[in-house]
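J.:
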Amino acid sequence: MVSKNNRQALLGKKLGMSQVWDENGFFVPVTLVEVDTNVVTAVKNEESDGYKAVQIAFGAIDPTKVSKPLAGHFAKAGVTPRRHLVEFRTEDVENYEPGQELTAEIFPDGAVVDVTGTTKGKGFAGTIKRWGFKSYRRTHGSHKNERRPGSVGACATPSRILKGKRMAGRMGHDTHTTLNLTVVSSDAANGIIAVKGAVPGPKGSLVVVRTAVKGA
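Each step along the sequence shown adds one to the number in full-length UniProt numbering, with nothing skipped, and position 180 is 180.
In structure tokens form, the structure reads like this:
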């Protein structure tokens, strides 16, 4: 099992799903993640910051679209501006330095990773679609109540709706992490990682690939 304080990470863009053949001739569904422009922008330690962490950046961006504070931050690290910044905790800060480029070699073939992304937004949804509630029977006298949520709270005690009640609302667009995915192929030359299975988010969305905290 890998310690959660001793992990590696890469930022990437979800390219979509594909399939490969395994050694037995079976199709294996994979998700392709582009990780070709990762760079270290800051290394934090206990002496100066009170904790150990590494800040990485990903994605090309027009330098004119970066604010002056961020432009100075990138210039201090000696790298060109990037679109996304993420910081992750790790105890191996001695192995990183500002300006260092990170490639897909961090996660070789067979590595087990956790992938974090933002799920697809589904818009406003009712309780049946959002939470899987069962509908009423569509019979005579139902008065078109088959998709209504029903009672949502007591009238006297506590005479309010309790927090966390499953009701209608915005569905999706949540941060989600899929655990223990296997790296089927790691192409450092093209900056692409193929992960077995599906990862959260639509095509083109930002994902974070990290060393699996629970192991295989």
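Backbone N, C-alpha and C fix where the C-beta goes; we use that ideal spot for every residue, glycine too.
Only a predicted model underlies this, so the values are computations on that prediction, with no experimental measurement involved.
Measuring alpha carbon to alpha carbon, tell me which of N24, I193, S205, L11 ends up nearest A111.
T.: It is I193.
J.: Quick check on T116: buried or exposed, where buried means 16 or more other Cβ atoms within 10 Å of its Cβ?
T.: buried
J.: Between R210 and M171, which are expected to be in contact by the criterion C-beta below 8 Å, what is the C-beta distance as a whole number of angstroms?
T.: Incorrect: roughly 26 Å between the Cβ atoms, too far for contact.
J.: Taking all protein chains shown into account, do 16 or more other C-beta atoms lie within 10 angstroms of the C-beta of L11, making it buried, or fewer, making it exposed?
T.: Counting Cβ neighbours within 10 Å, L11 comes out buried, since at least 16 surround it.
J.: Under the assumption that I56 contacts V79 (Cβ atoms under 8 Å), give the Cβ distance between them as a whole number of angstroms.
T.: Between V79 and I56 the Cβ distance is about 10 Å, and since that is not below 8 Å, they are no contact.
J.: Within a Cβ cutoff of 6 Å, which residues of the same chain sit near G99, ignoring the five residues on either side of it in sequence?
T.: Once the five neighbours on either side are set aside, the close Cβ partners of G99 are A77, G78, V79.
J.: Assign H73 to one of three DSSP states: helix, strand, or coil.
T.: helix
J.: Identify the continuous alpha helix (DSSP H) that holds I128 and give its terminal residues.
T.: 127–131
J.: Count the other C-beta atoms from every protein chain shown that fall within 10 angstroms of the C-beta of F58, then say buried if there are 16 or more, exposed otherwise.
T.: Buried.
J.: If you draw a straight line from the alpha carbon of E105 to that of S185, how long is it in whole angstroms?
T.: 10 Å
J.: Quick one: grab the DSSP three-state call for N45.
T.: DSSP, reduced to helix, strand and coil, places N45 outside both helices and strands of the structure shown, so it counts as coil.
J.: From which residue to which residue does the beta strand (DSSP E) around N180 run?
T.: Start and end: 175–187.
J.: Bridge partners for N6 per DSSP, in chain order?
T.: T90
J.: If you compare alpha carbons, which of N45, W21, V28, E34 is closest to F88?
T.: N45
J.: Is V195 near T31, with beta carbons less than 9 Å apart?
T.: yes
J.: So what does DSSP say about A57, is it helix, strand or coil?
T.: strand
J.: Would you mind listing the alpha helix (DSSP H) stretches within the segment 138–178 that are 4+ residues and don't spill past its ends, in chain order?
T.: none
J.: For the candidate residues R138, C155, A154, G153, whose alpha-carbon lies nearest to that of R147?
T.: R138
J.: Identify whether K65 lies in helix, strand or coil by the three-state DSSP scheme.
T.: helix
J.: Do the CB positions of H173 and T127 come within less than 9 Å of each other?
T.: no
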